[in-house]
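With full-length UniProt numbering, the residue at position 200 of the sequence shown is 200, and numbering never jumps.
Each remark here refers to the structure printed beneath this line.
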Amino acid sequence: AYSEKLCAKAVAKGRTSQEKADALLARITPTAEVGDLAGCDAVIEAVFEDTSLKHKVFQEIEHVVAPDALLCSNTSTLPITALAEGVERQADFIGLHFFSPVDRMPLVEIIKGERTGDEALARAFDLVRQIGKTPIVVNDSRGFFTSRVIGHFINEGVAMVGEGVEPASVEQAAAQAGYPAKVLSLMDELTLTLPRKIREETRRAVQAAGRTWEPHPADHVVDRMIDEFGRPGRSGGAGFYEYGEDGKRAGLWPGLREHFTKPGYEIPFADMRERMLFVEALDAVRCLEEGVLTSVADANIGSILGIGFPGWTGGVLQYINGYEGCAGAGAGLPGFVARARELADRYGERFTPPPLLLRKADRGETFTDF
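Structure below.
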């Protein structure tokens, strides 16, 4: 039904012919029968973000599809290496993270697990290109690159609300920074329960590994919005914004000012803009440092096409290269480092420059693949 609506819309707008639309729909076979997948040379699982459920799906289809079929998961956060433990052919298992809405978002994040074979990676890359999408390749990590980095953007905006900043000012700062979606409206679209679920799964994994879990300043805001105020996001009819009976956004919830805003509390508007930009850029550097990212180009392309990092920057790492300074501060990597330290002193250690950034700044280098 979804595909039919998309095709009908394209025909109505003259972007395709009815003949081509009918031919496209004829290639789609909806089914609830596992047997209909017999002989498929590639499958993409897109069920709810639950490891055991994903394992169950692959166990049902692994011996039905072609014996060398590519086994792909559309997970946005769960480690691919752990998901691959649910199949026998782990070398053929790979992550293909599509972005919503799939028909309009051009990026696909390909995630290589610890046991993913080179042939599977090459086939996945070709598949993404064949369907007209732009691929980037990353190594396995919780949240990979895109979900991990955009999570910092969302958390930073919510944290400012928790500090007492006017919610409307937070939204204005995101818009003026160049983000296509304002941060609180984006949180509502994702639903507040999803980031909390991801947070709890991450906390358990961190503690199971014997490391210390560090809560984020945004956490208590999200918890109060869900548990105290019953506002889980747009799908629940109420979040940071209010919604009409038709589901359309009607304006920021007045209760935000009542429960969170501190009268007279202000921080520099430049800080508000740059906190969102910097927190994403700094974690992108950490992704490069940790080997999650292996390409500066993939970081820049993925950040713009996948998670809405402002296009004027040239991408999340190019933003650091081209940093123009703030209030008379220096430019480039040295200026970015100085400004990050200033933000860390004011707002927390999450703005502390990573060692890779410090080394490049000291050597007069930039982030480049050449």
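Glycine residues also receive a C-beta, built at the ideal position from the N, C-alpha and C atoms.
request  = For my contact list, residue 294 and residue 139 are in at a C-beta cut-off of 8 Å; report their separation, rounded to the angstrom.
outcome  = Yes, they are in contact, since the Cβ atoms of residue 294 and residue 139 sit about 7 Å apart, within 8 Å.
ask   = Which residue's Cα is closest to the Cα of residue 169: 269, 280, 344 and 326?
value = Relative to the Cα of residue 169, the nearest Cα in the group 269, 280, 344 and 326 belongs to 269.
query = Short check: CB of residue 239 to CB of residue 192, under 8 Å?
reply = In terms of Cβ geometry, residue 239 and residue 192 form a close pair [threshold 8 Å].
ask   = Can you list, in chain order, the residues of its chain whose CB lies under 6 Å from that of residue 83, leaving out five sequence neighbours each side?
value = So the qualifying residues of the chain are 54 and 73.
Own chain, CB closer than 7 Å to residue 337, minus 5 neighbours either side, in chain order = Answer for residue 337: 353, 357, 358 and 361, listed in chain order.
Own chain residues within Cβ distance below 7 Å of residue 77, not counting five before or after = Cβ neighbours of residue 77 beyond the five flanking positions: 49, 142, 143, 147 and 198.
8 Å contact criterion, which residue 325 and residue 335 should meet: CB distance rounded = Between residue 325 and residue 335 the beta-carbon gap is near 5 Å, inside 8 Å, which marks them as a contact.
query = Since residue 265 and residue 164 are thought to touch, with beta carbons under 8 Å apart, how far apart are those beta carbons, to the nearest angstrom?
reply = The C-beta separation of residue 265 from residue 164 comes to about 4 Å, placing the pair in contact by the 8 Å criterion.
request  = Would you mind working out which of 124, 119, 116 and 118 sits nearest residue 372, comparing C-alpha positions?
outcome  = Absent from the structure is residue 372, since the part of the chain shown begins at 1 and ends at 370.
query = residue 282: which of 217, 230, 271 and 350 sits nearest, CA to CA?
reply = Here the closest residue by C-alpha is 350.
query = Taking the DSSP output, what are the residues bridged to residue 249?
reply = In the DSSP output, where bridge partners are listed per residue, residue 249 has 243.
ask   = To which residues of the same chain is residue 232 closer than 7 Å at the C-beta, ignoring the five residues directly before and after it?
value = Listed in chain order, the non-local C-beta contacts of residue 232 below 7 Å within the same chain comprise 191, 192, 193, 226 and 239, local neighbours out to five positions each way being set aside.
inquiry  = Just to confirm, is the Cβ distance from residue 317 to residue 296 under 8 Å?
reply    = Taking 8 Å as the Cβ cut-off, residue 317 and residue 296 qualify as a contacting pair.
Identity of the residues DSSP links to residue 72 by a beta bridge = Its beta-bridge partners are 44 and 94.
query = With 16 as the cutoff for other CB atoms within 10 Å, does residue 223 come out buried or exposed?
reply = With a threshold of 16 other beta carbon atoms within 10 Å, residue 223 falls short and is exposed.
message = Tell me which residue opens and which closes the beta strand (DSSP E) that residue 107 is part of.
response = Counting along the chain, the beta strand (DSSP E) containing residue 107 begins and ends at 107–112.
query = Quick one: is residue 66 buried, meaning 16 or more other Cβ sit within 10 Å of its Cβ, or exposed?
reply = Its Cβ having fewer than 16 others within 10 Å, residue 66 is exposed.
ask   = Do you know how far the Cα of residue 106 is from the Cα of residue 26?
value = Each residue's alpha carbon lies about 23 Å from the other.
task = With distances taken Cα to Cα, identify the nearest neighbour of residue 219 among 202, 308 and 196.
result = Comparing Cα positions, the closest option is 196.
query = Helix or strand or just coil, what does DSSP make of residue 238?
reply = In this structure, residue 238 counts as strand in the three-state DSSP scheme.
message = Please tell me whether residue 119 and residue 279 are closer than 8 Å, where the distance is taken between their beta carbons.
response = No, the pair does not count as a contact, with Cβ atoms beyond the cut-off.
query = So what does residue 139 bridge to, in DSSP terms?
reply = Beta-bridge partners of residue 139 (DSSP): 112.
task = Count the other C-beta atoms from every protein chain shown that fall within 10 angstroms of the C-beta of residue 80, then say buried if there are 16 or more, exposed otherwise.
result = It is buried - the Cβ of residue 80 has at least 16 other Cβ atoms within 10 Å.
key: Inside the region 1–52 only - alpha helix (DSSP H) runs reaching at least 4 residues   = The region 1–52 contains these whole alpha helix (DSSP H) runs: 2–12 and 18–26.
query = Relative to the alpha-carbon of residue 369, which residue among 61, 299, 188 and 128 has its alpha-carbon at the smallest distance?
reply = Closest option to residue 369, Cα to Cα, is 299.
inquiry  = Is any non-hydrogen atom of the ligand MG found closer than 7 Å to the C-beta of residue 323, if you look at the structure I gave you?
reply    = Ligands are entirely absent from the displayed structure, and the ligand MG is therefore not among its contents.
task = Let me know if residue 28 comes out buried or exposed under the rule of 16 or more other beta-carbons within 10 Å of its beta-carbon.
result = With fewer than 16 other beta carbons inside 10 angstroms of its own, residue 28 counts as exposed.
key: residue 277 - DSSP class collapsed to helix/strand/coil   = Helix at residue 277.
ask   = Exposed or buried, which one is residue 253 when buried takes at least 16 other CB atoms within 10 Å?
value = Per the 10 Å Cβ criterion, buried.
query = Can you tell which of 113, 136 and 121 has the C-alpha that lies nearest to the C-alpha of residue 99?
reply = The residue from 113, 136 and 121 with its alpha-carbon nearest to that of residue 99 is 136.
query = Which residue from 97, 149 and 244 puts its Cα closest to that of residue 372?
reply = Residue 372 cannot be examined here, being either before or after the span of the chain that is shown, 1 to 370.
message = Suppose you measure from the CA of residue 228 to the CA of residue 186; what does that come to, to the nearest Å?
response = CA-CA distance, residue 228 to residue 186, rounds to 21 Å.
ask   = What is the rounded straight-line gap between the Cα of residue 52 and the Cα of residue 16?
value = Near 41 Å, if we compare the C-alpha coordinates of residue 16 and residue 52.
ask   = Got a sec, what are the start and stop residues for the alpha helix (DSSP H) residue 347 sits in?
value = Counting along the chain, residue 347 sits inside the alpha helix (DSSP H) bounded by residues 332–347.
ask   = By how many angstroms is the C-alpha of residue 322 removed from the C-alpha of residue 90?
value = If I take the Cα positions, the gap works out to 41 Å.
key: Rounded distance between the beta-carbons of residue 41 and residue 71, thought under 8 Å   = About 11 Å separates the CB atoms of residue 71 and residue 41; that is not less than 8 Å, and the two are not in contact.
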